[in-house]
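Before any comments, here is the structure.
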Ligand code: ADP
Ligand code: MG
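Residue numbers (the numbering used here): 37 to 392.
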């Protein structure tokens with residue numbers, strides 16, 4: 037059985053086309069390109085063609101700049117420099133790398149290590165970075181990789197970053213796209229943009245209202261059917277949304293499909309979750325939290341997210357009939373698609389004895 041890495045469409049779908057079909061005013065213009073290993077879209081409502089060409093080019097160049105800093109595959113990036121530096125050595129890094137690491141370490145600490153930016157050796161061992169693997173890794177290899185994982189080995193201060201983790205390395209794949217969205221979002225705001233959306237592979241952040249009076253309408257994809265949405269949420273005031281799914285990228289080892297999100301506490305790819313969508317004040321936080329909550333699951337995840345102001349989550353378990361759970365704030369804002377009978381369990385977010 038060969039190992040395959042599959043790339044699929046982004047998990048969240050903007051319903052702009054639907055709104056346009058309903059005859060709503062202020063056309064949204066779109067600019068598409070590829071970066072950070074996925075599809076990027078810049079959308080602007082009511083802008084003229086020359087203006088959108090200018091701002092979308094600014095968004096594209098900002099995303100390219102961030103990719104150059106954070107990519108695992110670019111030897112000149114801050115991440116690659118840290119990964120190849122002698123362990124424990126302090127390196128000066130860009131403000132981008134510092135900022136994204138700060139969010140990553142905070143989410144790591146507050147999720148009890150469900151999110152961990154040092155997960156790279158486990159990604160390697162499970163064949164996500166090494167296409168030669170065909171079988172589940174033996175316990176000895178897993179144990180060895182786990183010894184090199186632990187966010188406490190990343191140190192950050194005003195002067196730089198050090199990675200003090202024997203044979204460890206960084207992988208910011210769970211947070212970098214969200215940071216790229218924020219960087220482009222802020223650049224367009226500084227250029228005077230007021231009504232636009234930046235989307236990198238389903239990590240989105242919106243300013244203004246799009247075509248609707250209430251805000252930009254974003255669809256949450258049905259993890260079991262790429263052409264379907266479960267429902268919609270309206271985003272306003274610079275809010276962001278991110279989705280982590282088990283259908284996005286995976287490997288097949290000995291006939292078993294493993295999704296690309298790993299539980300650093302067990303060393304194994306997460307089973308049991310199909311998708312997690314997070315609303316947050318920034319795309320970087322939404323991205324990190326969607327990965328963290330995919331690992332933690334609804335019960336623990338609902339409590340983790342309660343400690344982050346302005347953040348809400350929706351969980352879909354990997355089982356049919358579909359089991360959907362949401363924080364009270366997400367449930368209140370979510371509009372299930374017409375014709376879909378969804379039973380949403382609202383999570384109790386009171387910290388329990390097992391919460392962090
Ligand atoms: P996507 O990249 O498809 O948008 P995510 O944001 O959930 O999905 O990120 C998944 C990526 O995050 C993986 O490809 C890997 O690079 C990294 N990753 C996997 N497991 C973890 C984890 N537990 N903590 C932090 N990053 C992780
Ligand atoms: Mg993520």
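Each residue gets a CB set at the ideal place from its N, CA and C atoms; glycine is no exception.
None of these values were measured; they are calculated from a predicted model.
*DSSP on residue 255, reduced to helix/strand/coil?*
strand
*Between the Cα of residue 353 and the Cα atoms of 259, 372 and 211, which residue gives the shortest distance?*
259
*Rounded to the nearest angstrom, how far is the Cβ of residue 241 from that of residue 210, given a contact under 8 Å?*
Contact flag wrong, Cβ pair sits at about 17 Å.
*Would you kindly check if the distance between the Cβ of residue 253 and the Cβ of residue 278 is under 8 Å?*
no
*Indicate the three-state DSSP secondary structure (helix, strand or coil) for residue 378 in the structure shown.*
coil
*asked:* Can you tell me whether residue 203 is helix, strand or coil according to DSSP?
replied: coil
*Check whether the segment 147-157 touches the segment 314-329, counting contact only when three or more Cβ pairs, one atom from each stretch, lie closer than 8 Å.*
yes
*For residue 76, does the three-state DSSP call read helix, strand or coil?*
strand
*Which term fits residue 125, buried or exposed, when burial requires 16 or more other beta carbons within 10 angstroms of its beta carbon?*
exposed
_Taking the beta strand (DSSP E) that residue 242 belongs to, which residues open and close that run?_
239-243
*residue 379 to residue 280, Cα distance in whole Å?*
21 Å
*Between residue 255 and residue 268, which are expected to be in contact by the criterion C-beta below 8 Å, what is the C-beta distance as a whole number of angstroms?*
5 Å
*Same chain only: Cβ atoms within 8 Å of residue 155, ignoring 5 sequence neighbours per side*: 185, 207, 210, 298 and 300
*asked:* Here's the rule: buried if 16 or more other CB atoms are within 10 angstroms of the residue's CB, otherwise exposed. What is residue 166?
replied: exposed
*Quick one: grab the DSSP three-state call for residue 247.*
coil
*Can you list the beta strand (DSSP E) stretches of 3 or more residues lying completely in the segment 297-332, in chain order?*
309-316
_Where residue 354 falls: helix, strand or coil (DSSP)_ = coil
*Which word fits residue 86, buried or exposed, when buried means at least 16 other C-beta atoms lie within 10 angstroms of its C-beta?*
exposed
*Is the beta carbon of residue 303 within less than 7 Å of some heavy atom of the ligand ADP?*
no
*Where do the N-terminal and C-terminal ends of the alpha helix (DSSP H) with residue 221 fall, by residue?*
212-226
_Same chain only: Cβ atoms within 8 Å of residue 223, ignoring 5 sequence neighbours per side_ = 94, 95 and 98
*Assign residue 191 to one of three DSSP states: helix, strand, or coil.*
strand
_Inter-residue spacing [alpha-carbon to alpha-carbon] between residue 84 and residue 221_ = 19 Å
*Provide the residue span of the alpha helix (DSSP H) that contains residue 99, from first to last.*
85-106
*Under the DSSP definition of a beta bridge, which residues are partnered with residue 69?*
76
*Short Cβ contact (8 Å threshold) for residue 229 with residue 243*: yes
*Would residue 239 be called buried (16 or more neighbouring beta carbons within 10 Å of its own) or exposed?*
buried
*Whole-angstrom distance between residue 128 and residue 142, CA atom to CA atom*: 20 Å
*Cβ-Cβ distance between residue 188 and residue 157 below 8 Å*: no
*Less than 8 Å separating the beta-carbons of residue 105 and residue 133?*
yes
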